[in-house]
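Trainee:
Next comes the structure, spelled out in structure tokens:
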């Protein structure tokens with residue numbers, strides 16, 4: 002048969018990491034200042050549109066990259082009739098970081114597997130998936146650092162592969178997510 006992109010053991014680890022994150026998502030509200038801010042931005046983006054978001058009258062200190070994600074979250078929440086202050090909205094606000102956590106773990110697996118072997122790849126992925134820092138920051142606090150980190154990891158992998166032009170494009174996307182990309186450059 003066809004060889005799977007995800008070996009069974011890695012798939013089981015990813016599902017286990019997702020379960021741990023799911024438990025934290027439903028048992029914590031996150032850092033309420035940020036979860037409320039992200040929820041409000043998602044609502045405002047859907048009311049004003051992307052072009053009208055930075056017109057003033059409210060606090061907005063993030064560059065526009067992550068606003069696209071919040072715009073999608075707000076559109077889905079509006080479509081489903083989800084209140085800005087509901088537990089479901091907190092889940093939606095946390096979901097991009099959780100997805101990026103798992104993507105980081107998968108990329109760590111792929112990169113380490115190609116360089117060091119399958120066992121080392123699985124170990125690297127496990128270390129990422131079970132990192133208390135990633136779990137707390139993404140799931141408990143609802144921060145978007147994993148979204149930014151995924152973009153930077155892709156930049157590093159592309160640079161390693163000597164794909165400088167595409168890596169610069171991804172770096173510019175990372176810069177639009179968080180200005181800390183300037184420090185990494």
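Residue numbers (this note's numbering): 2 to 186.
C-beta atoms are modelled at their ideal positions from N, C-alpha and C, and glycine is treated no differently.
#1: What span of residues does the alpha helix (DSSP H) with residue 101 cover, start to end?
#2: With C-beta atoms as the reference, is residue 186 less than 9 Å away from residue 149?
#3: Compare the Cα-Cα distances from residue 1 to each of 22, 90 and 119 and report the closest residue.
#4: In the DSSP assignment, find the unbroken alpha helix (DSSP H) run with residue 163 in it and report its ends.
#5: If you run the structure through DSSP and keep just helix, strand and coil, what is residue 142?
#6: Assign residue 12 to buried or exposed, taking buried as 16 or more other Cβ atoms, counted over all protein chains shown, within 10 Å of its Cβ.
#7: Residue range of the alpha helix (DSSP H) that residue 78 falls in?
#8: Using the C-alpha atoms, what's the distance from residue 168 back to residue 160?
#9: Tell whether a beta-carbon distance below 9 Å holds between residue 81 and residue 42.
#10: Near residue 114, what residues of its chain come up, given a Cβ to Cβ distance below 6 Å and the 5 sequence neighbours on each side ignored?
#11: How is residue 8 classed by DSSP in three states: helix, strand or coil?
#12: Alpha carbons only, please: which of 116, 140 and 102 is nearest the one belonging to residue 128?
#13: Measure from the alpha carbon of residue 124 to the alpha carbon of each residue in 138, 36, 106 and 139, then state which is nearest.
#14: Of the residues 84, 45 and 91, which one's Cα is nearest the Cα of residue 144?
#15: In angstroms, rounded to a whole number, what distance separates the CA positions of residue 39 and residue 137?
#16: In whole angstroms, give me the CA-to-CA distance for residue 68 and residue 97.
#17: Helix, strand or coil, according to DSSP, for residue 35 in the structure here?
#18: What does a CB cutoff of less than 6 Å around residue 29 pick up in its chain, not counting 5 residues either side in sequence?
#19: Measuring CA to CA, which of 86, 100, 50 and 131 is closest to residue 33?
Mentor: The short version:
#1: Residue 101 -> alpha helix (DSSP H) spans 88–117.
#2: A distance of 9 Å or more separates the beta carbons of residue 186 and residue 149.
#3: This structure leaves residue 1 out entirely; the chain is present only between 2 and 186.
#4: Residue 163 -> no alpha helix (DSSP H), and no H or E assigned at all.
#5: Residue 142: coil per DSSP, three-state reduction.
#6: Around the beta carbon of residue 12, fewer than 16 other beta carbons lie within 10 angstroms, which makes this residue exposed.
#7: Counted as a single uninterrupted DSSP element, the alpha helix (DSSP H) harbouring residue 78 occupies residues 65–81.
#8: Answer to the nearest angstrom: the Cα atoms are 6 Å apart.
#9: Going by C-beta atoms, residue 81 is not nearer than 9 Å to residue 42.
#10: Excluding its 5 nearest sequence neighbours in each direction, residue 114 has C-beta neighbours in its own chain below 6 Å: 122, listed in chain order.
#11: Three-state DSSP puts residue 8 in coil, outside helix and strand.
#12: The residue with the shortest Cα to Cα distance from residue 128 is 102.
#13: Cα-wise, what sits closest to residue 124 is 106.
#14: The shortest CA-to-CA distance from residue 144 to any of 84, 45 and 91 is the one to 91.
#15: About 17 Å.
#16: Put simply, the backbone Cα of residue 68 is about 12 Å away from that of residue 97.
#17: Of the three classes helix, strand and coil, the one that applies to residue 35 here is helix, per DSSP.
#18: Cβ neighbours of residue 29 within its own chain (closer than 6 Å, five residues either side excluded): 141.
#19: Considering only 86, 100, 50 and 131, the residue with the shortest C-alpha distance to residue 33 is 86.
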